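Numbering of the sequence shown is given in UniProt numbering, commencing with residue 1 and proceeding in unit increments.
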Amino acid sequence: MDYFGPHIFGYTIALLHSLGMIAAIHAVLTVRTAQGSIAWALSLFFIPYLTLIPYLMFGRSTFDGYIKARRQANDEMRKAVSELNWRPWVEEALTARASSAYASLRAMPKLGHMPCLANNQMRLLINGQSTFEAIFDAIGQAKEAVLIQFFIVHDDRLGQRLQTLLLKKAAEGVAIYLLYDRIGSHSLPNGYVQALRDGGVEVKAFGPRNGWFNRFQVNFRNHRKIVVVDGILGFVGGHNVGDEYMGEKPPLAPWRDTHVQVRGPVVACMQESFAEDWFWVAHALPPLILPEVYPEDGVLCQLLASGPADAYETCSLFFVEAIHAATERIWITSPYFIPDEAVFAALRLAVLRGCGCAAAVAVSTRPSNRLRRLQPLRLRSRARRCSGVPLRARFPAPESGVDRLRNQRHRQRQSGQPFVPAEFRSDVADRRQRLCRRGGTDAQR
C-alpha cells in the first residue's frame, strides 16, 4: 500500500492511455466513416482522459449488438408482413421501370430495399401552417387507422391540438398508433402520453433495447416524420410537432421547412417503414392497409429509409448517385449540409462535365447553436477547392433538388434514421427550383 500510494496518479494515467489505445483500435475497425475513425483514433490515443467517456457514449456508432438485434427484428417484421400478401405493386413497378427517369437512377430500389413505383400524386406543403392544416384535416377524416411518427413531440399548443384530435378519433373507433423518439421528445410529460393511452391511443417511444450499455446509445435516434391515414394518404418531411415549427417561438422564428403529401402506391412503402420501427419497440405489427385502387396516373416515387443498421451508407450513397445522374443543374439547400468527400467529389465532377449550375447552399433560418453559424465559412473554404461549385449562405429553404429529381430535406447522420422520398417529375422539380431561387419564402406552391 505504501508503494502504490505515491504512484496512484501515474498508474491511473497509464491505465487511461491503455484503454485509449484499445478504444482507438476499436474506432479504426468499427467507425463507419474514414473521417470519424481517424478523428476518434487520434483523440483517444493522445487525450484519452478527455475523450474515452464521450466515445463510449457517442462514438460507437456500429454497436454490434444493436445492429444484430435491429436486423433480426426487421427480418421478423418482414416475415410477418409477407403473410399479409403485402407489396402487390407489380403493375406500378413495371410502369416505373419503363420510364427514362428510372433508367438514370436504377440503383435506388436496391439501395432502399423498396421498389420504385409509378402513379403517385404529390403535393408540396411549405412551412408549418400548410403542413399541419393538411395533416390535421386528413386525420380528421380518418375511418380505419392512423400511423404517426415524429422525432419531436412537444406539449405545447400544436402538441395539444394533436392530442385532442387523436383522442377524438380514437373515441370514434379509429385505430391510432403514435411513435415518438425518446431523446428527441425528452421533455414530453408522462401525463401527455398517459392521457393518450387512457383514451385508446397506442403510444410507444423509440429507443435502444434494454441493457446497461444501451443507455449510452443516445446517438441512435429516429428522425423520421411520417403520417399515414387509412393507407391512402401519407405525409413525410421535415416538420416535428412543436410551436417552433409553426413559427410561433420568437427566438426561432421564422421557421422554414417542407413536407410532402403523397397519395398512391408509395404510401404502402411508408407504412412498411413505420412498421419496422413499431415492430422494434412493440414486437407487433400495426394495421397495414392497401387501398382497393390507386391513381391512374402520377409521378414515379422511390422511398429510401436509412439507419445505423444498414449494410451501406444509404443516405450518403443516395445523394452521390443523384448528383452523378444530373445533366443540367443541381440545387442543394439544407440547414444541415455537412457533406463528406464523396459528395464534394460528385459535385466537382458535375461541374467538370458541364452541369449548368451546381450550387451547394448552406441554409439556416436561425441557427439553433453557434457552431452551425460557422458552417457557411467552413463550406466556402472547401467549395473553393471544388472547381467552380458556388456556395451561398441563404435564408431560408431547407430542401434540395437534383436535376429532375426531387428529394426531401434530410439530416445525413450515420447514427440517425433519415427518411428520404425521391420523386421524378419535371413540373415538381421546376416548382422546387423556383422556390430555391426565391429563398423558399413562398408558402403557396
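Glycine included, C-beta positions come from ideal geometry on N, C-alpha and C. The structure displayed is predicted, hence computed values, not measured ones.
Start and end of the alpha helix (DSSP H) containing THR258?
Where THR258 is concerned, there is no enclosing alpha helix (DSSP H), although the beta strand (DSSP E) around it starts and stops at 258-263.
By how many angstroms is the C-alpha of HIS324 removed from the C-alpha of LEU349?
Within the model, the alpha-carbon separation for LEU349 versus HIS324 is close to 8 Å.
Counting C-beta neighbours from all protein chains within 10 Å, is the total for TYR102 16 or more, i.e. buried, or is it exposed?
Buried.
Mind checking which residues open and close the alpha helix (DSSP H) that includes ASN127?
The continuous alpha helix (DSSP H) containing ASN127 extends over residues 127-140.
To which residues of the same chain is LEU371 closer than 7 Å at the C-beta, ignoring the five residues directly before and after it?
Unreliable positioning characterises LEU371 in this predicted model, as indicated by a pLDDT of 45, which lies under 50. The coordinate reading is nonetheless provided below. So the list is empty, once near-sequence residues are dropped.
Distance CB(ALA221)-CB(GLN149) smaller than 8 Å
Just to set this straight, residue 221 is Arg in the shown sequence, not Ala. With a cutoff of 8 Å on beta-carbon distance, ARG221 and GLN149 are scored as not near each other.
Tell me where the beta strand (DSSP E) around ILE38 begins and ends.
Element bounds for ILE38: not the beta strand (DSSP E) but the alpha helix (DSSP H), 34-46.
What's the gap between the Cα of PRO254 and the Cα of ALA311?
For PRO254 and ALA311, the distance between alpha carbons rounds to 38 Å.
In angstroms with no decimal places, state the Cα-to-Cα distance between residue 447 and GLY354.
For residue 447 there is no data in the structure shown, the boundaries of the chain being 1 and 445.
Assuming ASN240 and PHE151 make a contact with CB atoms under 8 Å, what is their CB distance in whole Å?
About 6 Å separates the beta carbon of ASN240 from that of PHE151, a gap short enough to meet the 8 Å contact definition.
Contact set for GLY298: own chain, Cβ-Cβ below 6 Å, skip 5 residues either direction
Counting only Cβ-Cβ distances below 6 Å, and skipping sequence neighbours, we find ASN119, ASN120, GLN121 and GLY264.
Would you say the stretch 132-142 touches the stretch 313-332, given that touching needs at least three Cβ pairs under 8 Å?
Short answer: they don't touch.
Give me the DSSP bridge partner(s) of TYR192.
According to DSSP, residue pairing for TYR192 in a beta bridge does not occur.
Beta bridge counterpart(s) of LYS204 as assigned by DSSP
In DSSP, LYS204 forms a bridge with LEU179.
Should THR12 go down as buried or exposed, given a rule of 16 or more other Cβ atoms within 10 Å for buried?
Residue environment for THR12: exposed (fewer than 16 other C-beta atoms within 10 angstroms of its C-beta).
Quick check on TRP255: does DSSP put it in helix, strand or coil?
Looking at TRP255 - three-state DSSP - the assignment turns out to be coil, as it is neither helix nor strand.
Three-pair Cβ contact test at 8 Å for the stretch 243-252 versus the stretch 160-169:
Under the Cβ criterion (8 Å, minimum of three pairs), the stretch 243-252 does not count as touching the stretch 160-169.
Just curious, the beta strand (DSSP E) that ALA145 is in, first and last residue?
Where ALA145 is concerned, the enclosing beta strand (DSSP E) stretches over 145-150.
Determine the burial state of ARG70: buried for a count of at least 16 other Cβ atoms within 10 Å of its Cβ, exposed for fewer.
Taking all protein chains in view, the Cβ of ARG70 is crowded by 16 or more other Cβ atoms within 10 Å, so the residue is classified as buried.
Rounded straight-line distance, which links the Cα of PHE206 to that of PRO189:
Their Cα atoms are separated by approximately 16 Å.
Which whole-angstrom value is the C-beta distance of ASN74 and GLU276, which I expect to be below 8 Å?
GLU276 and ASN74 do touch by the CB rule: their CB atoms are close to 6 Å apart, below 8 Å.
For ALA346 and GLU328, I'd like the C-alpha separation in whole angstroms.
So the alpha carbons of these two residues sit roughly 14 Å apart.
If the criterion is Cβ atoms closer than 8 Å, does the pair PRO109 and GLN302 meet it?
Taking C-beta atoms as the reference points, PRO109 and GLN302 count as a pair closer than 8 Å.
To the nearest angstrom, report how far apart PHE274 and VAL203 are at their CA atoms.
Their Cα atoms are separated by approximately 13 Å.
Based on DSSP bridge pairs, tell me the residues matched to GLN121.
ARG263, per the DSSP bridge assignment.
Which class does ARG221 belong to by DSSP, given the choice of helix, strand or coil?
The three-state reading of DSSP puts ARG221 in coil, since its state is none of H, G, I, E or B.
Can you pull the DSSP bridge partners for LEU233?
Beta bridge pairing from DSSP links LEU233 with VAL229 and ARG263.
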